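To start, the structure itself, in structure tokens.
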Amino acid sequence: QVQLVESGGGLVQPGGSLRLSCTASGRIFGIYTLGWYRQAPGKQRELVAKITTGGSTDYGDSVKGRFTISRDSTKNTVYLQMNNLKPEDTAVYYCNFGFRTSVLWGRGTQVTVSS
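Numbered continuously in the working numbering, the sequence shown closes out at residue 260.
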């Protein structure tokens with residue numbers, strides 16, 4: 146069974162940067178969108194960023210201008226470059242591959258922004 150594996154989370158000071166990666170453990174086909182979502186304690190999961198196979202991107206309002214999503218189609222990998230991190234960015238970050246009739250989620254990686 147194909148799984149999504151995230152990496153790159155950790156502890157960073159405010160103003161710092163992190164780069165998250167998400168790769169499928171096996172061969173998959175028919176991806177429509179690749180995205181990142183996050184969930185902070187006591188809050189609902191929210192969109193951080195997503196990218197279509199055509200290259201169109203969409204970002205949550207709170208991360209626009211600071212985060213950049215990109216993908217490597219040859220590796221079925223999606224990246225999230227996070228700059229100028231703020232304490233309110235602290236959350237578990239989940240990657241998501243969207244297909245025509247289903248969605249695949251990763252298990253999440255913790256990002257903590259604190260001094």
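Idealized CB from N, CA, C, for every residue including glycine. Remember, predicted model here, so these are calculated numbers, not experimental data.
Rounded separation between residue i and residue j - CA only
i	j	result
residue 209	residue 160	15 angstroms
residue 244	residue 199	14 angstroms
residue 153	residue 222	13 angstroms
residue 174	residue 201	19 angstroms
residue 239	residue 255	9 angstroms
residue 219	residue 158	33 angstroms
residue 191	residue 214	15 angstroms
residue 163	residue 257	10 angstroms
residue 225	residue 247	22 angstroms
residue 260	residue 207	20 angstroms
Opposing strand residues paired with residue i [DSSP bridges]
i	result
residue 164	226
residue 146	BP columns for residue 146 are empty, so no partner.
residue 183	191 and 238
residue 152	166
Contact check, residue i vs residue j, beta carbons under 8 angstroms
i	j	result
residue 242	residue 156	no
residue 194	residue 187	no
residue 182	residue 197	no
residue 252	residue 227	no
residue 189	residue 237	no
CB contact check: residue i to chain E, cutoff 8 angstroms
i	result
residue 194	Given the protein chain composition of this structure (a single chain), no chain E is represented.
Give, in chain order, every unbroken run of the beta strand (DSSP E) that is at least 3 residues long and sits entirely within the segment 194-255.
-> 202-204, 212-217, 222-227, 236-243 and 248-250
Taking three-plus beta-carbon pairs below 8 angstroms as touching, is the segment 228-235 in contact with the segment 165-173?
-> no
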